[in-house]
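Heads up, the thing below is written out as C-alpha cells.
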Amino acid sequence: MIAIGNRESVIQNLEDAGCETEMIRDFMGWFDKGQQTKQLELLEHQREYLLGRVHTDERRISCLDYLIYQIQGKTTGKNKDKI
C-alpha cells in the first residue's frame with residue numbers, strides 16, 4: 003500500500019473535497035484495510051459528481067452571460083433584437 007498521509011490529513015482532504023460523512027467513513031474503512039481499488043472507486047465517484055456540478059454551473063453562467071450581452075447591446079444601441 004502506498005502511504006498517502008496520516009489519517010487526519012486524509013480525512014481533512016476528503017472534507018475539503020466536499021465528501022459526505024458516510025463516504026469518508028467508507029473510504030477510511032477501505033484505507034484501514036489497504037483496499038486501494040475500493041478507495042479509488044469512491045474517489046472517482048466523488049470526482050464525477052463534482053465535475054457534473056461544474057458543468058451545470060458552466061451552463062448557468064453561459065445563460066447569464068447571454069443575458070448580459072443582450073442587455074449591454076440594448077443600452078449601447080448595438081443590439082436591436084429583443085430578448
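Here the working numbering runs 2 ahead of the position in the sequence shown, where the first position is 1.
Cβ coordinates follow ideal geometry from the N, Cα and C atoms, glycine included.
Handout entry: Three-way DSSP call (helix, strand, coil) for residue 25 in this model
Key = helix
Exercise for the section: Find out if the Cβ-Cβ distance for the pair residue 48, residue 20 is shorter than 9 Å. Expected result: yes
Exercise for the section: Using a Cβ cut-off of 9 Å (strictly closer), state whether residue 50 contacts chain C. Expected result: Here chain C cannot be found, since the structure has a single protein chain.
Problem - Cutoff 8 Å; reference residue 13; Cβ partners in own chain excluding five residues on either side - result: 26 and 30
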